Amino acid sequence: MFKSSLLLITASVLIGSHTIATMSKPKLLIISELENVLKGSPLFQNLKEMFDIITYYSTSEWDIPRDIFLQKLKGCSALICTSSQKIDKEVLDKSGHQLKVITTYSVGYDHMDINEIKSRGIRV
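If you use mature numbering (1 follows the signal peptide of the UniProt record, and there is no 0), the sequence shown corresponds to residues -21 to -1, 1 to 103, in order.
Following this line, the structure appears as structure tokens:
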């Protein structure tokens, strides 16, 4: 249930902020096993129709090297991450201006620079 809510919130924020003027779908980067858990569900199928979904998952979700994380995040409108990805000024600078929402699949948000995120108008 929580995972479905997480994706619905991300989707609604993106749809609200993505302009009709663009012909391409917004990009959603998922850093975790969520795709594998939800694969085949109607919710995930709807998300695939609305967004270009980019994923990174390995047997250990904190395996993603920072340079690969930054490369995959560039141009994304949304990010679903875990507490293993540090979201700091460097990440926000390199992500580009399209990033509108960050959703964390974790108990807290100590891994995120909340003040920097809010100063850019990005929703958490």
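Even for Gly, the Cβ is constructed at its ideal location relative to N, Cα and C. Predicted, not measured: the structure shown is a model, and the values here were computed from it.
By the C-beta density criterion, PRO21 is exposed, having fewer than 16 other C-beta atoms within 10 angstroms.
Here the segment 28 to 36 does not lie against the segment 79 to 87, with fewer than 3 beta-carbon pairs under 8 Å apart. Looking at the DSSP output, ARG45 bridges to nothing. For VAL80, the enclosing beta strand (DSSP E) starts and ends at 80 to 83. Spatial neighbours of MET91 in its own chain (CB-CB distance under 6 Å, excluding positions within 5 residues in sequence) are listed in chain order as ILE66.
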